[in-house]
Ligand code: HEM
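Residue numbers (my numbering): 3 to 377.
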């Protein structure tokens with residue numbers, strides 16, 4: 003039996019492969035920002051707690067400085083989380099609307115609640131960042147922000163897994179039509195959510211290596227950021243690898259065998275493993291060498307981007323193969339490409355990217371201001 007609503011009679015205005023490519027690229031960028039937020043926040047909380055509670059310790063000021071350096075960037079990271087979340091949301095709705103709209107309505111209260119959670123999280127991030135500048139113990143404000151961000155991540159994971167389970171929709175809807183119930187137990191949900199939470203640590207580690215290359219910090223802060231960032235990246239990569247194994251193991255047999263039989267997803271899986279190994283080696287190298295160079299920063303950025311692209315492509319495979327096994331693609335999607343609009347979109351997209359690159363280059367050439375806590 004096919005539980006999915008009928009295909010929309012309005013055709014897609016561009017080829018599916020184009021929507022897919024844009025979806026994967028923009029979602030990888032969203033995930034990078036999410037990981038920077040989740041991981042960076044927890045690292046800043048820990049450094050603030052540790053630094054403020056051991057003031058007599060000679061390394062306390064270093065920790066407080068490193069905490070403030072990360073925390074003051076988090077509200078900016080949040081703007082990227084939100085703005086880079088919108089494009090994949092639009093592409094996902096275009097490609098999977100029949101499944102995604104249904105699951106969003108079924109958990110409607112939680113789904114709409116994200117907006118309010120987001121506002122509370124954003125406000126707390128500003129309070130936390132301002133507090134770290136003074137060197138005071140404000141870790142609890144950061145912790146509250148982290149708990150809210152983790153809850154938002156949980157709601158996203160819940161929706162992205164519920165959209166793959168049409169067999170439970172009817173039961174959920176007949177229990178309540180108000181969107182107040184969460185779905186019945188799903189073995190894939192917990193590992194999937196944990197994959198995102200643990201990913202934050204190694205991404206934050208590489209981010210610290212990136213920051214160590216900035217001129218605005220004193221040499222001891224740079225060394226501290228590079229060495230600890232490297233250690234964090236290498237160690238937590240291993241933890242995330244364990245969770246990734248659990249994610250794959252939790253998938254139904256049919257999905258696992260299709261994943262290893264499909265060339266694209268097999269390649270994406272292999273690429274994910276290769277880049278993850280490179281992250282581990284690079285982190286271990288940074289922990290020993292404590293690099294404070296722009297080159298090491300760019301290598302970190304490149305590794306994060308490549309690893310995330312491979313991961314998102316593989317994740318896309320899990321979704322498509324699960325949906326295929328339940329008959330989602332049995333009725334073909336209608337496509338009538340509107341080429342002038344597609345070309346205009348691509349021209350504006352490239353121009354927008356160019357403008358962004360120019361803005362970043364202006365920012366990087368700006369006069370360096372020394373970053374230190376005032377407390
Ligand atoms: C603190 C804020 C946020 C956090 C922590 C967060 C976290 C996450 C996580 C963990 C996932 C993966 C879920 C999974 O597959 O298991 C996800 C997916 C997603 N997020 Fe965010 N998110 C945030 C804000 C946003 C916002 C504001 C938007 C859009 C306006 C957004 C759009 C998306 C989309 C579209 C997906 C899934 C796309 C797909 O699977 O095709 N996110 N997010």
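Where is the CB? At the ideal position from N, CA and C, for every residue including glycine.
One or two residues paired with residue i in a DSSP bridge
i, result
"residue 337", "14"
Chain-order list of residues whose beta-carbon lies under 8 Å from that of residue i (same chain, five-residue window excluded)
i, result
"residue 128", "77"
"residue 126", "143, 144, 146, 147 and 150"
"residue 9", "100, 333, 334, 335 and 336"
"residue 175", "108"
"residue 199", "40, 152 and 155"
"residue 184", "109, 112 and 160"
"residue 163", "185, 188, 190, 191 and 194"
"residue 172", "5"
Residue i beta carbon near ligand 1 (any heavy atom closer than 7 Å)
i, result
"residue 13", "no"
"residue 40", "yes"
"residue 52", "no"
"residue 167", "no"
"residue 94", "yes"
"residue 133", "no"
"residue 159", "yes"
"residue 457", "What is shown of the chain runs 3 to 377, which leaves residue 457 out entirely."
"residue 87", "yes"
"residue 194", "yes"
"residue 36", "yes"
"residue 313", "no"
"residue 198", "yes"
"residue 44", "no"
"residue 29", "yes"
"residue 114", "no"
"residue 32", "yes"
"residue 355", "no"
"residue 320", "no"
"residue 162", "yes"
"residue 189", "no"
"residue 154", "yes"
"residue 323", "no"
Three-way DSSP call (helix, strand, coil) for residue i in this model
i, result
"residue 6", "coil"
"residue 187", "coil"
"residue 379", "An answer regarding residue 379 cannot be provided, because it is not within the stretch 3 to 377 covered by the chain."
"residue 264", "coil"
"residue 327", "helix"
"residue 65", "helix"
"residue 253", "coil"
"residue 318", "helix"
"residue 180", "coil"
"residue 138", "coil"
"residue 219", "coil"
"residue 229", "helix"
"residue 159", "helix"
"residue 76", "helix"
"residue 237", "helix"
"residue 197", "helix"
"residue 46", "helix"
"residue 355", "helix"
"residue 109", "coil"
"residue 57", "coil"
"residue 1", "A query on residue 1 cannot be resolved here, the shown segment of the chain reaching from 3 to 377 and no further."
"residue 89", "helix"
Cβ-based neighbour list, residue i, same chain, cut-off 7 Å, excluding 5 preceding and 5 following
i, result
"residue 67", "223, 374 and 375"
"residue 236", "282, 285, 286 and 289"
"residue 161", "105, 106, 109 and 113"
"residue 243", "278"
"residue 212", "299, 302 and 303"
"residue 324", "166 and 257"
Close beta carbons around residue i, own chain, < 6 Å, minus the five adjacent residues each side
i, result
"residue 49", "65, 68 and 69"
"residue 248", "193"
"residue 214", "224, 227, 228 and 294"
"residue 54", "139"
"residue 83", "35, 36 and 39"
"residue 210", "227 and 231"
"residue 208", "235, 302 and 306"
"residue 7", "100"
Contact test: residue i Cβ vs ligand 3 heavy atom, cutoff 7 Å
i, result
"residue 25", "Ligand 3 is not among the ligands present in this structure, which contains only ligand 1."
Residue-level contact to chain C via CB, residue i, 8 Å cutoff
i, result
"residue 113", "Absent from the structure is chain C; it holds one protein chain and no more."
Query raised in the report: Using 8 Å as the Cβ pair cut-off and three pairs as the minimum, do the region 36 to 43 and the region 193 to 209 touch?
Result: At 8 Å Cβ cutoff, the stretches touch.
Requested in this report: Report yes or no: do the region 17 to 32 and the region 79 to 95 share at least 3 C-beta pairs separated by less than 8 Å?
Outcome: Flag = yes, the region 17 to 32 and the region 79 to 95 touch.
Requested in this report: May I ask you to verify whether the region 267 to 275 touches the region 337 to 350, counting CB pairs closer than 8 Å and requiring at least 3?
Outcome: Because the criterion of three Cβ pairs below 8 Å is not met, the region 267 to 275 and the region 337 to 350 do not touch.
Requested in this report: Report yes or no: do three or more beta-carbon pairs, one from the region 217 to 235 and one from the region 357 to 364, lie closer than 8 Å?
Outcome: The region 217 to 235, when compared against the region 357 to 364, does not touch it at the 8 Å Cβ threshold.
Query raised in the report: Hey, is the region 155 to 170 in contact with the region 99 to 109, meaning 3+ C-beta pairs nearer than 8 Å?
Result: Touching, yes, given that three or more Cβ pairs across the two stretches are closer than 8 Å.
Query raised in the report: Between the region 296 to 309 and the region 242 to 261, do at least 3 Cβ pairs fall closer than 8 Å?
Result: Short answer: they don't touch.
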